[in-house]
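A short worksheet on the structure shown next.
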Amino acid sequence: MQNPYLPYPVRIDEITTETEDKNLKTFRLVFINPGDEEKFSYKSGQFAELSLAGKGEIPIGIASSPTEKGYVTFTVNKVGLVTSCLHSMKAGDIMGLRGPLGNSYPWDILEGKNIVIIGGGFAFTTLRSSIVYMLDPAHRSKFKDIHVIYGARSPGMLLYRDELSAWEARDDINMHITVDGTEDPNWKYNVGFVPTITEQKAPPGNADTYAIICGPPIMIKFTQPVLDKLGYCHDNIIMSLEMRMKCGIGICGRCNIGKEFVCKDGPVFTLARLNEMPKEY
Amino acid sequence: MKVIKINKENWAGGLEKSKGSYRLFGPVKNNELHEFKQLDKEELPDCDYFNTRLSPKSIIYPQSETMFEFSLDENREDHHILKEIDTDYSPRAIIGIRPCDAAAFLLVKRNFSTPEYKDSYWLNAYETTTFIGLACGNPHDTCFCTTTGCGPFNEEGLDLLLVDAGDCYFAKTITSKGENFLRAAGWDAGTDVETVCEQIKTMKQEAEAKITSFVATDKLKDKKTTDLFDAPFWEETAFACINCGACTYACPTCWCFDIQDEVSGYSGIRIRNWDSCMYPLFTLHGSGHNPRSTNMQRVRQRFMHKLKYYPDRYGEGILCVGCGRCIRLCSVNIDIRRVCDLMNSYEVQVTSD
Amino acid sequence: MSERGAKIREISERLLKEGKIDMVIGFRKGTLPMMNEPCLVKSPEDVKNLVWDSNCGINLAKYLIGRKEKIGVVAKGCDSRNIVTHLIENKIKRDQLFIIGVPCEGMIDRRKIASMFEKEIKEVAEEKNKIIVRGSGFEKILEKSEVLQKNCAICIHRNPVIYDELAADIVKEQKNVDRYKDVRQIESMPPEEKRDYFNDLLSPCIRCYACRNACPLCYCPTCFVDESRPQWVGKGIDLTDIKTFHFLRAYHCAGRCTDCGACERACPLGIDVRAFTMKLEKDCFELYGWEAGMSKDERPPLDTYRPDDPNDFFK
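Line by line, the protein sequences are chains G, S and R.
Numbering-wise (numbering that gives the first Met the number 0), the first sequence opens with residue 0 and increments by one.
Numbering-wise (numbering that gives the first Met the number 0), the second sequence opens with residue 0 and increments by one.
Numbering-wise (numbering that gives the first Met the number 0), the third sequence opens with residue 0 and increments by one.
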């Protein structure tokens with residue numbers, strides 16, 4: 000019997016500090032045992048448990064795209080015991096990786112549709128995975144228009160800045176980057192909160208347009224009425240939830256909302272489904 | 000189906016013989032309380048008991064269970080890599096488990112063994128265990144097993160059912176695992192199956208008639224989850240609760256756990272410990288946000304899980320076998336029967352304005 | 000005892016009708032023999048649910064912590080002393096409370112009574128100083144004084160120390176009580192024996208925290224056992240961790256514990272957890288002449304310093 004709690008051993012290949020406050024770092028992990036990478040076959044929107052021997056595990060969304068081979072990346076905010084320890088580690092260190100876990104964004108449904116990605120703060124990781132996946136030459140033709148509305152407190156708090164600029168330069172993706180405020184005279188993108196920019200830039204809702212939202216609760220709270228106004232039906236609004244998790248496989252019992260386990264039945268739910276669930280998240 | 004007669008004078012000898020093939024667990028009295036423990040050589044289970052204070056779930060699912068071990072010594076090639084530990088999964092038999100407690104494992108199995116994931120620790124322990132049940136002749140006032148789909152002579156979840164008939168036990172085989180145990184114990188005295196079954200049937204009816212406590216669950220599945228969740232009775236229901244974990248730890252059907260690493264010097268283990276939805280820490284996010292920060296939310300979670308979420312998720316009955324432990328052990332007298340009635344009879348008040 | 004119940008109901012109904020309070024915290028009849036459930040009564044119609052008998056052992060001061068409403072609270076001697084402690088520790092304000100004092104004649108030990116009978120107890124009634132126990136095919140009358148909770152048997156403050164109205168006449172306090180006999184017995188053990196005693200005592204503990212959660216003193220937003228950074232105590236059932244929890248909890252209650260017995264009553268395994276708190280109560284009494292919760296004008300000894308402190312570690 001396979002032990003679903005046993006992590007794959009991985010080595011930290013590279014660490015990138017993402018934000019000016021140095022609280023967000025991206026870890027590129029490579030599998031130590033040949034064959035494990037293939038077993039860790041994932042879709043954008045899934046997460047994994049990062050496992051530090053002696054500290055514990057922490058569930059983190061996968062930031063790399065299934066189209067990027069040879070490694071998996073995670074962008075980690077320094078909050079608790081495990082993430083603080085992770086932030087003190089260096090390239091070459093050994094850790095564990097368990098997953099992939101959870102459902103993903105509903106790619107079978109999303110094919111052939113307009114995709115509007117709405118992200119805020121450090122919750123942009125699985126959205127980055129999704130963008131890289133959709134922009135891959137093998138997949139871009141499967142999607143219609145792609146819009147990205149992504150905001151952070153300040154320019155220095157945006158994740159993946161080099162990639163954002165590269166996407167800005169492309170003509171097959173509509174980027175709407177924004178910051179809450181900045182004193183940088185060279186800032187050439189939007190200034191304003193994500194809900195406001197969404198109202199200005201997002202295409203109107205229709206049966207063929209899906210919004211994927213990831214961000215802090217306050218952003219989600221104010222973006223939802225904007226999408227309602229733009230005519231998005233709740234089946235077409237896709238959200239990824241965060242919960243305290245331990246096992247990641249729907250067994251340990253803590254991350255439920257009603258009868259659903261966020262770790263296993265989620266973390267991705269349509270707003271229509273969330274509406275039928277108790278408001279306990 | 001076979002029924003074997005075990006004369007009580009052959010009881011101790013057979014059990015001792017079976018210890019050659021099985022590790023035996025049974026109820027033993029310790030400081031006024033019965034508890035399940037592994038039986039030493041010559042040690043007998045005390046089958047003259049009502050039920051154990053805590054459920055026997057810890058035999059399959061220990062309160063603290065080591066999952067992995069690792070070394071933090073960087074001079075070792077495998078440092079920081081988790082290794083599975085050797086666990087003894089040689090055959091075990093639980094002697095004298097009550098039918099309600101055995102049935103509970105079936106409810107819990109739905110959680111630990113899903114189409115997608117198999118919890119190897121739980122499942123290995125469960126599958127290598129033979130459940131020798133002891134029919135319950137004297138249920139208590141807090142027992143309500145007959146209305147939870149169980150019963151004092153319930154056979155589901157058992158491999159063998161023992162019925163105490165005074166100077167002998169009748170052993171009704173239910174599975175091949177049960178037959179194997181009988182063989183290992185050397186018990187093979189046949190009986191007139193028809194007569195004995197009649198006798199067992201009568202005893203069963205008598206035992207069932209002693210159960211006077213009932214819960215109604217018939218309407219739960221048709222209620223809307225959000226209606227029950229938002230029902231007004233939770234504040235009053237939860238008021239007395241002190242949010243300790245006694246009910247969840249004593250319950251044979253509660254399974255929640257936490258995973259922790261413990262390190263001593265360079266060597267460490269990853270263990271899992273029972274956890275409880277009664278504790279605020281259970282759902283506390285790293286950010287400080289807690290979706291179940293209040294006493295009321297946690298009490299609601301416990302009852303909604305047992306009586307609504309679980310039945311809805313698996314399309315089967317409630318997550319309760321009616322053993323009554325949570326009622327007997329609650330220091331402030333929160334009674335699941337009362338809460339179940341409130342939920343089952345709840346109707347949303349439609350206001351006209 | 001039922002006279003006390005009637006008086007509690009009368010006072011509660013009056014206060015609720017007059018709008019002097021928003022709610023009453025008291026007891027309602029339980030679903031099991033020898034059990035009552037703490038309850039909240041908000042309307043005069045529900046006052047009828049309030050009861051008083053020898054099964055009101057839970058300390059209702061626990062339920063006051065942090066509440067904002069105006070509350071009528073039913074308080075026996077120990078509850079009232081914990082209310083005083085709450086007032087000192089700013090957990091509730093005096094003007095929020097209408098204390099319905101109940102002179103107490105002790106609570107009965109439900110586990111002790113249950114262990115006296117082979118068969119299940121179906122019903123327990125009380126009359127004056129007698130406890131009548133009934134089961135199928137038996138009835139026995141017990142002297143209440145013989146089956147009191149251990150803390151009640153040695154209680155010397157049965158009357159509320161603070162109240163707004165009493166539900167009965169003041170009762171006679173017990174005199175010449177040897178409160179610390181059990182503690183002295185443990186104190187006299189050699190270290191190894193003491194260690195074995197505590198190991199045995201705590202070996203059944205499942206860390207459900209019923210003792211902590213029933214205790215009116217345990218209101219820390221994050222208990223030290225729940226702290227993760229740093230993590231002071233392991234989370235499993237290693238006996239060292241279990242002992243750490245019980246010892247430290249007891250120390251945290253030193254000079255505050257009123258020996259209400261809620262911890263011991265709540266323990267699902269019947270562990271004598273008062274063995275720890277009583278030692279500290281004894282020390283506080285012998286070192287400082289201190290009894291917790293007797294006056295709201297005096298702070299407990301472990302959070303005060305006096306120039307005439309008999310110890311010299313400050314000098």
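Backbone N, C-alpha and C fix where the C-beta goes; we use that ideal spot for every residue, glycine too.
Here the structure is a predicted model, which means the values were calculated and not measured.
Residue i versus the options, residue with shortest Cα-Cα distance
i	options	result
residue 307 (chain G)	G:48, G:68 and G:147	Here chain G has residues from 0 to 280 only, and residue 307 (chain G) is not among them.
residue 137 (chain S)	S:289, S:210, S:318 and S:241	S:210
residue 165 (chain S)	S:294, S:106 and S:199	S:199
residue 226 (chain R)	G:198, G:4, G:80 and G:268	G:80
residue 166 (chain R)	R:245, R:67, R:218 and R:74	R:74
residue 117 (chain S)	G:3, G:227, G:262 and G:234	G:3
residue 74 (chain G)	G:106, G:156, G:198 and G:203	G:156
residue 65 (chain S)	S:174, S:325, S:90 and S:85	S:85
residue 40 (chain G)	G:82, G:15 and G:96	G:96
residue 227 (chain G)	G:267, G:70 and G:271	G:271
residue 158 (chain G)	G:145, G:66 and G:178	G:178
residue 126 (chain G)	G:229, G:12, G:42 and G:37	G:42
residue 157 (chain R)	R:8, R:113 and R:79	R:79
residue 313 (chain S)	G:258, G:204 and G:163	G:258
residue 173 (chain G)	G:151, G:143, G:154 and G:180	G:143
residue 349 (chain S)	S:217, S:226 and S:303	S:226
residue 40 (chain R)	S:253, S:79 and S:234	S:234
residue 144 (chain R)	R:173, R:276 and R:89	R:173
residue 116 (chain R)	R:138, R:241, R:5 and R:101	R:138
residue 163 (chain R)	R:1, R:4, R:10 and R:5	R:10
residue 83 (chain G)	G:274, G:65, G:57 and G:181	G:57
residue 30 (chain S)	R:184, R:59, R:161 and R:271	R:271
Integer Cβ distance of residue i from residue j, believed to fall under 8 Å
i	j	result
residue 201 (chain R)	residue 238 (chain R)	7 Å
residue 100 (chain G)	residue 167 (chain G)	32 Å between Cβ atoms; not a contact.
residue 201 (chain G)	residue 115 (chain G)	5 Å
residue 188 (chain G)	residue 242 (chain G)	Between residue 242 (chain G) and residue 188 (chain G) the Cβ distance is about 32 Å, and since that is not below 8 Å, they are no contact.
residue 38 (chain S)	residue 44 (chain S)	6 Å
residue 262 (chain R)	residue 280 (chain R)	At roughly 12 Å, the Cβ-Cβ gap does not stay under 8 Å, so residue 262 (chain R) and residue 280 (chain R) are not in contact.
residue 283 (chain R)	residue 253 (chain R)	6 Å
residue 132 (chain S)	residue 161 (chain S)	6 Å
Per-residue burial, residue i [other beta carbons within 10 Å of its own, 16 or more giving buried]
i	result
residue 169 (chain R)	exposed
residue 222 (chain R)	buried
residue 304 (chain R)	exposed
residue 263 (chain G)	buried
residue 140 (chain S)	buried
residue 219 (chain R)	exposed
residue 176 (chain R)	exposed
residue 315 (chain R)	Nothing about residue 315 (chain R) can be read from this structure; chain R reaches only from 0 to 314.
residue 36 (chain R)	buried
residue 46 (chain R)	buried
residue 7 (chain R)	buried
residue 0 (chain G)	exposed
residue 332 (chain S)	buried
Original post:
At a cut of 8 Å, does the segment 218-237 of chain G reach the segment 192-203 of chain G through at least three beta carbon pairs?
Top reply: Flag = yes, the segment 218-237 of chain G and the segment 192-203 of chain G touch.
Original post:
Using 8 Å as the threshold, is the segment 109-126 of chain S in touch with the segment 149-162 of chain S, meaning 3 or more CB pairs across them?
Top reply: Using a Cβ-Cβ distance cut-off of 8 Å, the segment 109-126 of chain S and the segment 149-162 of chain S are not in contact, since fewer than three pairs of beta carbons, one from each stretch, lie closer than that value.
**OP:** Check distances from the C-beta atoms of the segment 39-69 of chain G to those of chain S and list, in chain order, the residues that come in under 9 Å.
**Re:** Taking 9 Å as the upper bound on Cβ-Cβ separation, chain S lies near residues 50, 51, 52, 53, 54, 55, 56 and 57 of the segment 39-69 of chain G.
Original post:
For the segment 104-137 of chain S, which residues have a CB atom closer than 9 Å to at least one CB atom of chain G, in sequence order?
Top reply: Sequence-ordered contacts of the segment 104-137 of chain S with chain G read 110, 111, 113, 115, 116, 117, 118, 119, 120, 121, 122 and 123 [C-beta pairs closer than 9 Å].
Original post:
Between the segment 238-248 of chain G and the segment 235-243 of chain S, do at least 3 Cβ pairs fall closer than 8 Å?
Top reply: Output reads no: the segment 235-243 of chain S does not touch the segment 238-248 of chain G.
Subject >> chain S contacts made by the segment 178-193 of chain G, where a contact means CB separation under 7 Å >> reply: Within the segment 178-193 of chain G, contact with chain S at the beta-carbon level (separation under 7 Å) is assigned to no residue.
**OP:** Using a Cβ-Cβ cut-off of less than 8 Å, give me the residues of the segment 49-78 of chain S that come near chain R, in sequence order.
**Re:** Result list: 49, 52, 53, 62 and 63.
Original post:
Using a Cβ cut-off of 7 Å, which residues of the segment 228-259 of chain S contact any Cβ in chain R, in chain order?
Top reply: Listed by position along the chain: 235, 238, 239, 241, 242, 243, 244, 245, 248, 249, 257 and 259.
Original post:
Does the pairing of the segment 24-31 of chain G with the segment 81-94 of chain G give three or more beta-carbon distances under 8 Å?
Top reply: Enough Cβ pairs lie closer than 8 Å, so yes.
Original post:
Which residues, in order along the segment 26-52 of chain S, keep a beta-carbon less than 9 Å from a beta-carbon of chain R?
Top reply: Close to chain R, meaning a Cβ-Cβ distance shorter than 9 Å, are the following residues of the segment 26-52 of chain S: 29, 30, 31, 32, 34, 49 and 52.
**OP:** Give, in chain order, every residue of the segment 230-255 of chain G whose Cβ lies closer than 9 Å to some Cβ of chain S.
**Re:** In summary, the residues of the segment 230-255 of chain G whose CB is separated from some CB of chain S by less than 9 Å are 241, 242, 243, 245, 246, 248, 249, 250, 251, 252, 253, 254 and 255, in the order they occur in the chain.
Original post:
Taking one C-beta from the segment 111-128 of chain R and one from the segment 5-21 of chain R each time, how about it: are there three or more such pairs within less than 8 Å?
Top reply: Result no; under three Cβ-Cβ pairs closer than 8 Å.
Subject >> Touching by the beta-carbon criterion (3+ pairs, under 8 Å), the segment 254-271 of chain S and the segment 19-34 of chain R >> reply: No, they do not touch.
**OP:** With 8 Å as the C-beta to C-beta threshold (strictly closer), list the residues of the segment 324-352 of chain S near chain R in chain order.
**Re:** Listed by position, the residues of the segment 324-352 of chain S near chain R (Cβ gap below 8 Å) are 326, 327, 328, 330, 331, 332, 333, 334, 336 and 337.
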